[in-house]
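Visitor:
Protein chains: 2
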Amino acid sequence: MSSKVKVLGFWYSPFVARVKMGLKMKGVEFEYVEENIRAKSQLLLESNPIHKKVPVLLHDGRPIAETMIILEYIDQTWEGPPILPRDPYQRAMARFWVNFIDEKCLNTMLKACWRTGEEQKKFKEEAIEALQILENEIKGKKYFGGDEISVVDHAGNFIAYWFPLISSGMELITEDKFPNIWRWSSDYCNHAFVKENLPPMEAMIPKFKRR
Amino acid sequence: MSSKVKVLGFWYSPFVARVKMGLKMKGVEFEYVEENIRAKSQLLLESNPIHKKVPVLLHDGRPIAETMIILEYIDQTWEGPPILPRDPYQRAMARFWVNFIDEKCLNTMLKACWRTGEEQKKFKEEAIEALQILENEIKGKKYFGGDEISVVDHAGNFIAYWFPLISSGMELITEDKFPNIWRWSSDYCNHAFVKENLPPMEAMIPKFKRR
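If you read the protein sequences in the order shown, they are chains A and B.
Residue numbers for the first sequence follow full-length UniProt numbering, so the first one is 1 and each next one is one higher.
Residue numbers for the second sequence follow full-length UniProt numbering, so the first one is 1 and each next one is one higher.
1. Can you give me the Cβ contacts of residue 130 of chain B inside the same chain, cut-off strictly under 7 Å, excluding the 5 residues immediately before and after it?
2. Determine, using beta-carbon pairs with one atom in the stretch 110 to 128 of chain A and one in the stretch 57 to 76 of chain A, whether at least three such pairs fall under 8 Å.
3. Note down the Cα distance separating residue 24 of chain B from residue 172 of chain B, rounded to an integer number of angstroms.
4. Assuming residue 77 of chain A and residue 179 of chain B make a contact with CB atoms under 8 Å, what is their CB distance in whole Å?
5. Mind pulling the chain B residues with CB within less than 8 Å of residue 76 of chain A?
6. Strictly by DSSP, which residues pair up with residue 57 of chain B?
7. DSSP state of residue 188 of chain A, grouped into three classes?
8. Taking Cβ positions, are residue 32 of chain A and residue 61 of chain A nearer each other than 9 Å?
9. Check for me: the beta strand (DSSP E) holding residue 28 of chain A runs from which residue to which?
10. Might you give, ordered along the chain, the residues of its own chain that have their beta carbon closer than 7 Å to the beta carbon of residue 197 of chain A, omitting 5 neighbours on each side?
11. Take the Cβ of residue 14 of chain A as the centre, count every other Cβ of all protein chains shown within 10 Å, and call the residue buried at 16 or more, exposed below.
12. At the level of alpha carbons, what is the spacing between residue 7 of chain B and residue 151 of chain B?
13. Where does residue 146 of chain B fall in DSSP's three states?
14. Exposed or buried, residue 1 of chain B, counting other C-beta atoms within 10 Å across all chains shown (16 or more means buried)?
15. Considering only C-alpha positions, which residue in the set A:53, A:74, A:11 is nearest to residue 26 of chain A?
16. Using a threshold of 9 Å, state whether the C-beta atoms of residue 128 of chain A and residue 184 of chain A are closer than that.
17. State yes or no: is the C-beta of residue 167 of chain A within less than 9 Å of the C-beta of residue 112 of chain A?
18. Counting only beta-carbon atoms, is residue 127 of chain A nearer than 9 Å to chain C?
19. Which residues in the same chain have their Cβ closer than 8 Å to the Cβ of residue 98 of chain A, if we skip the five residues on either side of it in sequence?
20. In angstroms with no decimal places, state the Cα-to-Cα distance between residue 65 of chain A and residue 186 of chain B.
21. For the alpha helix (DSSP H) holding residue 89 of chain A, just list the boundary residues, first then last.
22. Which residues of chain A have a Cβ atom closer than 7 Å to the Cβ of residue 133 of chain B, listed in chain order?
23. Answer with yes or no whether the minimum CB distance from residue 70 of chain A to chain B is below 9 Å.
24. Does any CB atom of chain B fall closer than 9 Å to the CB of residue 154 of chain A?
25. Is the CB of residue 66 of chain B under 9 Å away from at least one CB in chain A?
26. Below 8 Å on C-beta distance, what does residue 73 of chain B contact in chain A?
27. Hey, residue 124 of chain B and residue 93 of chain B: beta-carbon distance below 9 Å or not?
28. Quick check: what's the CA-CA separation for residue 47 of chain B versus residue 40 of chain B?
29. Quick check: is the beta carbon of residue 95 of chain A nearer than 9 Å to any beta carbon in chain B?
30. Under the criterion of a Cβ to heavy atom distance below 8 Å, does residue 92 of chain B qualify as lining the ligand PLP?
31. Counting only C-beta atoms, is residue 1 of chain A closer than 9 Å to chain B at any point?
32. So, residue 110 of chain B versus residue 181 of chain B, is the Cβ gap smaller than 9 Å?
33. Looking only at its chain, what residues have a beta carbon closer than 6 Å to the beta carbon of residue 208 of chain A, apart from the 5 residues adjacent to it on each side?
34. Please return the same chain residues whose Cβ sits closer than 8 Å to the Cβ of residue 100 of chain B, not counting the five positions on each side in sequence.
35. Could you tell me whether any Cβ in chain A is nearer than 9 Å to the Cβ of residue 180 of chain B?
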């Protein structure tokens, strides 16, 4: 009997995109269930009662929450190309950069977009500081892990694909200020596997313009 | 040739205690280097240039930062009792609760201690909400993973051992309000391996009373 895999998500979520890509990398068939942010399903509330957030992975009915925890579970459960490097040191480095992007970049970039006045100024400064570290890290490399795309690049999908859409007019990441992130963003979005698995931009524009 | 392992830390840090215990569980010999919070060593600044924080593990000169990343590295690198459960689902659950304790409990508890006025009130409420979830999780179990002490309990070392010291007078965790966390805290601190590896209370009291 083959196992049953379900993903609860929002189609426009960068975190859900990371989980979907992880499953596709491993060739795992799954059922995708679209959630409604204003009326979350009973299944979502029961599967992630503490955070009540997507993505949630259900494997034979057992729920797992939080993007990186789900990805590590997928990596350990199914055969196929590794999601995290197998070498312990490289794996630790990948975890470090995923954490850095999630905690230092995304967090401050979102707040720089959504807050106003002095608060916005503060978060913009923090975002620039974090992005400068990322700029130095990607310098001279095609992807964060080297020549091949990896879990760290997928963690940065928000920076490459979502942020330019929601930050219009803010000019936080320009070719001039962050040439290496700019170049990496283009390479990331044009990578064949990524391109196939990112939500379509023509649906994203009206979705995020409404906000 | 045996490998060289070094830990940079503060003796009174709950995070450093977690790393030291991880190495001791595996029977790894290491050199412990005490850092000065007011004059961090060149080695620390070079080993963790981004966060400039302890703990840092150096393995044959290669630095690894961040408590959970270090613990996962130790678990993957050395033989011995597992730090994280081997079963992928149990491992995902352990990661979930470690994250919950680190992000939701410690964060709010510290702010409830250090902030004042309205801010303090807000963080106190958030801390109580998070602790209530933890209270339900530990109910009916000796330790978070069941009968045996595990990585989740060690993540909670701050709650059991440090918090009562720094929160004196706040009465956030009392036997009355959180009977299961109260009982677990006592079991945790009296566990033979833990007792041997926590910083001595007689040194902790003057250290934290000065703040």
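No residue lacks a Cβ here, since even glycine has one placed at the ideal position from N, Cα and C.
Guide: Reading it off the structure:
1. Here residue 130 of chain B refers to the residue found at position 130 of the second sequence. Excluding residues up to 5 positions away in sequence, 104, 105, 108 lie with their Cβ nearer than 7 Å to the Cβ of residue 130 of chain B in the same chain.
2. Judged by Cβ distances under 8 Å, the stretch 110 to 128 of chain A makes no contact with the stretch 57 to 76 of chain A, as fewer than three pairs qualify.
3. Taking the first residue of the second sequence as position 1, residue 24 of chain B is located at position 24. Taking the first residue of the second sequence as position 1, residue 172 of chain B is located at position 172. The C-alpha of residue 24 of chain B lies about 32 Å from the C-alpha of residue 172 of chain B.
4. Your numbering for residue 77 of chain A matches position 77 in the first sequence. Your numbering for residue 179 of chain B matches position 179 in the second sequence. The Cβ separation is near 37 Å, so there is no contact.
5. Position 76 of the first sequence holds residue 76 of chain A. Within chain B, the residues placing a beta-carbon under 8 Å from that of residue 76 of chain A are 88, 91, ordered along the chain.
6. As a first step, residue 57 of chain B is located in the second sequence; it is residue number 57 there, counting from the start. According to DSSP, residue 57 of chain B bridges with B:7, B:64.
7. For the purposes of this step, residue 188 of chain A is taken as the residue at position 188 of the first sequence. Residue 188 of chain A: helix per DSSP, three-state reduction.
8. The residue labelled residue 32 of chain A in the question sits at position 32 within the first sequence. The residue labelled residue 61 of chain A in the question sits at position 61 within the first sequence. Not in contact: residue 32 of chain A and residue 61 of chain A (Cβ atoms no closer than 9 Å).
9. Taking the first residue of the first sequence as 1, we reach residue 28 of chain A at position 28. Per DSSP, residue 28 of chain A belongs to no beta strand (DSSP E) and is neither H nor E.
10. The residue labelled residue 197 of chain A in the question sits at position 197 within the first sequence. Only 17, 20, 21, 24 meet the Cβ criterion.
11. Translated into positions along the first sequence, residue 14 of chain A becomes position 14. Buried: at least 16 other Cβ atoms inside 10 Å.
12. Within the second sequence, residue 7 of chain B is the residue found at index 7, counting from 1. Within the second sequence, residue 151 of chain B is the residue found at index 151, counting from 1. When rounded, the distance between both Cα atoms is 19 Å.
13. For the purposes of this step, residue 146 of chain B is taken as residue 146 along the second sequence, with counting starting at 1. Secondary structure at residue 146 of chain B: strand, using DSSP grouped into helix, strand and coil.
14. Stepping through the second sequence from its first residue, residue 1 of chain B is reached at position 1. At residue 1 of chain B, the pLDDT of 43 sits below 50, so the modelled position is not reliable; the number obtained from the coordinates is stated separately. Under this definition residue 1 of chain B is an exposed residue.
15. Start at 1 with the first residue of the first sequence, and residue 26 of chain A comes out as number 26. Considering only alpha carbons, the answer is A:74.
16. For the purposes of this step, residue 128 of chain A is taken as the residue at position 128 of the first sequence. For the purposes of this step, residue 184 of chain A is taken as the residue at position 184 of the first sequence. Contact flag unset, no.
17. Translated into positions along the first sequence, residue 167 of chain A becomes position 167. Translated into positions along the first sequence, residue 112 of chain A becomes position 112. With contacts defined as CB atoms closer than 9 Å, residue 167 of chain A and residue 112 of chain A qualify as a contacting pair.
18. Given the protein chain composition of this structure (A and B), no chain C is represented.
19. What you label residue 98 of chain A is simply residue 98 of the first sequence in a count that begins at 1. Excluding the 5 residues flanking it on each side, residue 98 of chain A has same chain C-beta neighbours closer than 8 Å at 68, 151, 152, 155, in chain order.
20. Your numbering for residue 65 of chain A matches position 65 in the first sequence. Your numbering for residue 186 of chain B matches position 186 in the second sequence. Cα to Cα, residue 65 of chain A sits roughly 30 Å from residue 186 of chain B.
21. In the first sequence, residue 89 of chain A corresponds to position 89, counting from 1. Residues 88 to 99.
22. In the second sequence, counting from the first residue as 1, residue 133 of chain B sits at position 133. By Cβ distance, chain A contributes 50.
23. Numbered from its first residue, the first sequence carries residue 70 of chain A at position 70. Closer than 9 Å to some Cβ of chain B, the Cβ of residue 70 of chain A qualifies, so yes.
24. Here residue 154 of chain A refers to the residue found at position 154 of the first sequence. For residue 154 of chain A, the closest Cβ of chain B is not nearer than 9 Å.
25. Position 66 of the second sequence, counting from 1, holds the residue named residue 66 of chain B. It does: the Cβ of residue 66 of chain B has a partner Cβ on chain A nearer than 9 Å.
26. In the second sequence, residue 73 of chain B corresponds to position 73, counting from 1. Near residue 73 of chain B (Cβ distances below 8 Å), the residues of chain A are 88, 89, 91, 92.
27. Along the second sequence, read from residue 1 onward, the residue named residue 124 of chain B stands at position 124. Along the second sequence, read from residue 1 onward, the residue named residue 93 of chain B stands at position 93. No, Cβ-Cβ distance for residue 124 of chain B and residue 93 of chain B is not below 9 Å.
28. Looking up residue 47 of chain B in the second sequence gives position 47. Looking up residue 40 of chain B in the second sequence gives position 40. Roughly 11 Å separates the two Cα atoms.
29. In the first sequence, residue 95 of chain A corresponds to position 95, counting from 1. By this cut-off, residue 95 of chain A is an interface position.
30. By its list of ligands, the structure shown contains no ligand whatsoever, and the ligand PLP lies outside what it can speak to.
31. What you label residue 1 of chain A is simply residue 1 of the first sequence in a count that begins at 1. Residue placement at residue 1 of chain A cannot be trusted, given a pLDDT of 43 that sits under 50; the coordinates are not used to answer.
32. The residue given as residue 110 of chain B occupies position 110 in the second sequence. The residue given as residue 181 of chain B occupies position 181 in the second sequence. Cβ distance not < 9 Å, so residue 110 of chain B and residue 181 of chain B don't count as in contact.
33. Working through the first sequence from its first residue, we reach residue 208 of chain A at position 208. Only 165, 166 meet the Cβ criterion.
34. As a position in the second sequence, residue 100 of chain B is number 100, starting the count at 1. Contacts found: 130, 133, 134.
35. Within the second sequence, the letter at position 180 stands for residue 180 of chain B. Chain A, which has no Cβ nearer than 9 Å to the Cβ of residue 180 of chain B, makes this no.
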